[in-house]
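Some notes on the structure that comes next.
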């Protein structure tokens with residue numbers, strides 16, 4: 001087997017553990033330096049490959065690479081840039097192969113969600129027909145948890161833990177204040193298409209918190225919702241509402257699109273939390289508070305799930321091992337062996353089966369009333385939030401997150417226009 | 419010295435460590451059971467005293483009382499209920515003394531901010547003139563950090579840590595995405611009158627994050643702000659903005675009051691973060707994200723500051739010790755001995771000097787341009803966020819927060835109408 005270089009890139013929205021996958025890839029490549037040469041990372045994701053902006057990870061110390069395990073975000077930069085289809089823009093795929101050829105790259109590790117799985121698959125196919133075979137391995141990552149075949153996706157477990165813990169804490173707060181002040185607390189969470197993250201908020205029901213969850217999967221029914229809030233407040237004194245940013249009306253419009261205008265008549269881009277808050281106030285008059293977690297949730301490395309972190313690293317490692325075993329057009333997966341105690345192992349999926357397939361939340365994960373999660377869903381979720389993988393902190397009381405040198409290697413090709 | 423019972427109550431907005439002060443009070447009373455009888459806690463704060471709803475803390479196990487150190491919120495319930503002045507409503511103060519007399523309560527520990535210090539002071543004065551002397555001790559608590567004399571207030575350090583850590587993490591996220599997506603991230607934090615909490619967001623400048631802080635203390639200047647955002651983005655590729663909910667225009671109106679209307683023309687109660695986000699979009703066209711931390715910040719026991727937790731407990735303990743030493747109308751304080759290394763000791767303040775005095779942020783804590791914090795401010799803040807006081811977690815991966823039994827004792831008096 002000839003020694004080839006490797007290329008690694010991060011794609012799409014970043015997570016609190018995607019750098020752990022990067023660490024798994026790079027450390028495993030370093031351990032196999034007899035067979036894999038330099039690992040180049042794409043500066044700002046796949047754009048770095050197209051523009052030949054390749055970061056030489058060999059110039060990063062072992063300590064800094066190891067510190068990636070404890071650092072949220074995408075250390076090499078990510079991007080929202082979807083390659084068009086082969087038919088529409090063959091030029092981009094051919095450019096990728098050209099760059100790989102120029103830098104003797106035989107391994108392509110692409111760390112992302114559904115779109116990047118598709119890109120990864122196309123690269124593997126095209127490289128063969130172009131006579132410069134590249135082994136293309138997809139490392140799964142997405143807080144949306146919507147990749148098929150794998151039991152779950154790295155990044156999701158830590159967001160789920162953050163949301164479950166934060167919703168529990170805020171509910172304790174509201175419970176203290178409810179007698180004379182706030183009775184309803186609304187937490188807006190990510191998930192435009194699927195309610196996986198919102199579902200994690202539903203776990204606090206097990207901790208005696210009166211909670212209602214609004215899923216994108218369930219048509220919003222105003223009167224039913226208001227009645228449910230009233231019932232919770234009358235029974236428990238207060239109510240917590242976890243609402244997915246993608247919660248929508250029966251006609252498919254998002255709740256967040258309420259035609260809100262500022263003083264000048266401009267459309268106001270707000271979140272769904274204040275919309276729900278105003279709904280509750282108008283119908284029931286309860287005092288409320290609302291929060292929008294936004295990036296805080298997916299960046300919250302300080303409360304990352306230990307099982308999530310472990311899997312993020314293991315999938316990066318497994319991707320390299322699969323490449324060394326001659327595999328191509330493949331994605332390492334998490335296979336659940338048992339939920340209690342939690343046991344899992346590494347499996348694999350053909351990219352042909354992954355690309356362009358979205359895994360929805362199973363319908364038996366949502367309770368019949370549409371406002372909660374079932375025992376099956378809880379059995380699925382708890383293992384993913386188990387354990388606390390704390391980062392180190394410095395003497396100031398701030399987490400030690402690493403910033404890499406990210407030095408680019410010299411270009412060998414003409415410039416490429418995106 | 420005759421043995422008397424004690425009364426403890428929580429007041430106003432709760433924090434992630436106010437229960438640690440409760441724990442300090444109750445454990446120290448238990449250790450001095452030869453001189454202090456039962457500790458009764460007010461159900462929902464001072465309302466519990468007025469309505470004679472007294473929780474018998476003796477029925478709680480040592481383990482549960484100890485677990486209060488790790489539990490956010492107000493375990494006995496708090497309230498937003500300000501007693502009127504003695505002249506306006508002497509009836510309420512007399513009722514308090516009547517309840518204390520009926521239950522042989524000689525110690526009044528009131529855990530709160532400025533308003534409760536004032537109430538505490540009046541109780542001590544009135545009780546003497548009414549011939550039933552009660553030693554009234556105020557235990558400081560407020561995330562607003564605005565009590566005078568004490569170097570800082572329990573509750574603030576943990577919010578400051580949460581905001582500094584969260585702003586750092588989200589900034590790493592934005593930095594990864596900025597090339598093709600989000601360039602500006604806006605985090606709204608608490609602080610209607612003072613910028614203490616927003617100032618904590620300014621600490622991330624030391625971690626090479628391009629950050630702008632909007633304080634209530636600085637008149638908002640739209641053009642200057644937009645120019646500053648543009649400069650940061652052009653220099654660094656992105657910018658983080660930490661905005662206090664109390665940020666205001668030169669005419670004193672809150673930025674959050676933008677006359678926003680929903681589709682039906684109703685005034686929309688939104689936060690300041692979306693207002694700032696729309697401002698940036700309109701002026702510069704940058705893609706943005708925004709978050710509103712709201713209750714999450716003050717409930718975030720999972721990332722509480724160790725120095726904050728230690729002080730919250732120590733001030734509860736000191737309050738009881740001061741009572742045993744015969745003190746009255748007093749508040750234990752934190753006295754800073756040195757910042758580096760951080761050393762502090764317990765001091766005390768006369769309630770006459772605390773009541774109705776608000777401590778503003780010193781003007782030399784804000785940089786001349788109005789968008790950042792000075793070295794003096796950082797020297798003040800870092801010690802308060804030092805150390806991570808993690809709670810325990812259960813096998814599900816959720817924090818072990820205690821819920822007390824909170825059993826009421828039998829009433830002896832007529833009902834009282836609030």
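Chains as they are written, first to last, in this note's numbering: chain A, 1 to 418; chain B, 419 to 836. Glycine included, C-beta positions come from ideal geometry on N, C-alpha and C. It should be emphasised that the depicted structure is a prediction, and the values quoted were computed from it without experimental measurement.
For residue 239(A), collect the residues of the same chain with a Cβ closer than 6 Å to its Cβ; drop the 5 residues on either side in sequence, then sort them by chain order.
-> Within the same chain, residue 239(A) has close Cβ partners 184, 210, 229, 232, 233.
When the cut-off is 8 Å and only beta carbons count, does residue 176(A) lie next to chain B?
-> Output row for residue 176(A): interface = yes.
Reduced DSSP secondary structure (H/G/I, E/B, other) of residue 632(B) = In the structure shown, residue 632(B) sits in a strand (DSSP, three-state: E or B).
In this structure, does DSSP put residue 751(B) in helix, strand or coil?
-> Collapsing the DSSP output to three states places residue 751(B) in a strand.
Cutoff 6 Å; reference residue 71(A); Cβ partners in own chain excluding five residues on either side = Counting only Cβ-Cβ distances below 6 Å, and skipping sequence neighbours, we find 19, 401, 402.
Provide the residue span of the beta strand (DSSP E) that contains residue 185(A), from first to last.
-> Start and end: 184 to 189.
Assigned secondary structure, residue 568(B) (DSSP; H/G/I helix, E/B strand, else coil) | In the displayed model, residue 568(B) falls within coil according to three-state DSSP, outside both helix and strand.
Helix or strand or just coil, what does DSSP make of residue 420(A)?
-> In the structure as shown, chain A begins at 1 and stops at 418. Residue 420(A) is therefore absent and cannot be evaluated.
Please go through the same chain and pick out, in chain order, the residues whose beta-carbon is closer than 6 Å to the beta-carbon of residue 219(A), but skip the five residues on each side of it.
-> Cβ within range, chain order: 250.
Residues near residue 202(A) by beta carbon distance below 6 Å, same chain, minus five either side | Closer than 6 Å at the Cβ level, and outside the excluded window around residue 202(A), lie 213, 372, 373.
Roughly how many whole angstroms lie between the Cα atoms of residue 23(A) and residue 66(A)?
-> About 6 Å.
Three-state secondary structure (DSSP) at residue 687(B)?
-> With a pLDDT of only 49 at residue 687(B), under 50, the local geometry of the prediction cannot be trusted, and the value read off the model is given with reservation. In this structure, residue 687(B) counts as coil in the three-state DSSP scheme.
Using a Cβ-Cβ cut-off of 8 Å, state whether residue 168(A) counts as contacting chain E.
-> Among the protein chains of the structure shown, namely A and B, there is no chain E.
In this structure, does DSSP put residue 16(A) in helix, strand or coil?
-> Assigned with DSSP and collapsed to three states, residue 16(A) falls in coil, not helix or strand.
C-alpha gap between residue 800(B) and residue 542(B), whole angstroms = Cα to Cα, the separation comes out at about 36 Å.
Straight-line CA distance for residue 439(B) to residue 286(A)?
-> Taking the straight line joining both Cα atoms gives about 30 Å.
With a threshold of 16 other CB atoms inside 10 Å of the CB of residue 645(B), please say whether the residue is buried or exposed.
-> Looking at its Cβ environment, which holds fewer than 16 other Cβ atoms inside 10 Å, residue 645(B) is exposed.
Straight-line gap, residue 687(B) to residue 673(B) (C-alpha atoms, nearest Å) = For residue 687(B), the pLDDT reaches just 49, beneath the cut-off of 50, and the residue's location in the model is therefore unreliable, although a value from the coordinates is still provided. One Cα belongs to residue 687(B), the other to residue 673(B), and the distance between them is close to 12 Å.
For residue 418(A), the nearest candidate out of 100(A), 92(A), 389(A), 88(A) (CA to CA) = Ranking the options by Cα distance to residue 418(A), first place goes to 92(A).
Extent of the continuous alpha helix (DSSP H) to which residue 536(B) belongs | Looking at the DSSP string, the run of the alpha helix (DSSP H) that includes residue 536(B) is 532 to 547.
From the DSSP output, in three-state form, read off residue 523(B) for me.
-> DSSP places residue 523(B) in the strand class (E or B) of the three-state scheme.
Residue 435(B) and residue 447(B) look like a contact to me (Cβ under 8 Å); what is the Cβ gap, rounded to whole Å?
-> Actually they do not touch by this definition, with Cβ atoms about 19 Å apart.
Is residue 666(B) buried or exposed, if buried means 16 or more other CB atoms sit within 10 Å of its CB?
-> Answer is buried; the Cβ neighbour count reaches 16.
Under 9 Å (Cβ pairs) to chain B, residues found in the region 54 to 77 of chain A = Taking a C-beta cut-off of 9 Å against chain B, the contacting residues of the region 54 to 77 of chain A are 71, 72, 73, 74, 75, 76, 77, listed in chain order.
Between the region 548 to 555 of chain B and the region 734 to 750 of chain B, do three or more beta carbon pairs fall short of 8 Å?
-> As far as the Cβ criterion goes, the region 548 to 555 of chain B touches the region 734 to 750 of chain B, which means the pair count is three or higher.
Using a Cβ-Cβ cut-off of 6 Å (strictly less than) and excluding sequence neighbours within five positions of residue 195(A), which residues of its own chain qualify?
-> Taken in chain order, the residues that qualify are 215, 216, 217, 244, 361.
Between residue 290(A) and chain B, is there a C-beta pair that is closer than 8 Å?
-> Under the Cβ criterion of 8 Å, residue 290(A) is counted among the residues facing chain B.
State yes or no: is the C-beta of residue 173(A) within less than 8 Å of the C-beta of residue 713(B)?
-> Result yes, Cβ atoms of residue 173(A) and residue 713(B) sit closer than 8 Å.
Quick one: what does DSSP say residue 456(B) is sitting in, helix, strand or coil?
-> Residue 456(B) sits in a strand when the DSSP states are folded into three classes.
What whole-angstrom Cβ distance do residue 96(A) and residue 50(A) have, given they're in contact under 8 Å?
-> Taking a contact as a CB-CB distance under 8 Å, the pair residue 96(A) and residue 50(A) counts as one, their CB atoms being some 7 Å apart.
At 7 Å on the CB atoms, spell out the chain B contacts of residue 299(A), in chain order.
-> The answer, in chain order, is 587, 588, 590, 591.
Touching or not, the region 584 to 600 of chain B and the region 804 to 823 of chain B, by the rule of three or more beta carbon pairs under 8 Å?
-> The region 584 to 600 of chain B vs the region 804 to 823 of chain B: no contact.
So, is the C-beta of residue 404(A) closer than 8 Å to a C-beta in chain B?
-> False, the Cβ-Cβ gap to chain B never drops below 8 Å.
Which of helix, strand or coil DSSP assigns to residue 801(B) = Residue state, collapsed to three classes: helix.
Kindly examine the ligand FAD and report whether one of its heavy atoms sits closer than 7 Å to the Cβ of residue 571(B).
-> Ligands in the displayed structure: none, and consequently the ligand FAD is not present.
By the 10 Å Cβ neighbour count, where 16 or more other Cβ atoms means buried, how is residue 422(B) classified, buried or exposed?
-> Taking every protein chain shown into account, the CB of residue 422(B) has 16 or more other CB atoms within 10 angstroms, so this residue is buried.
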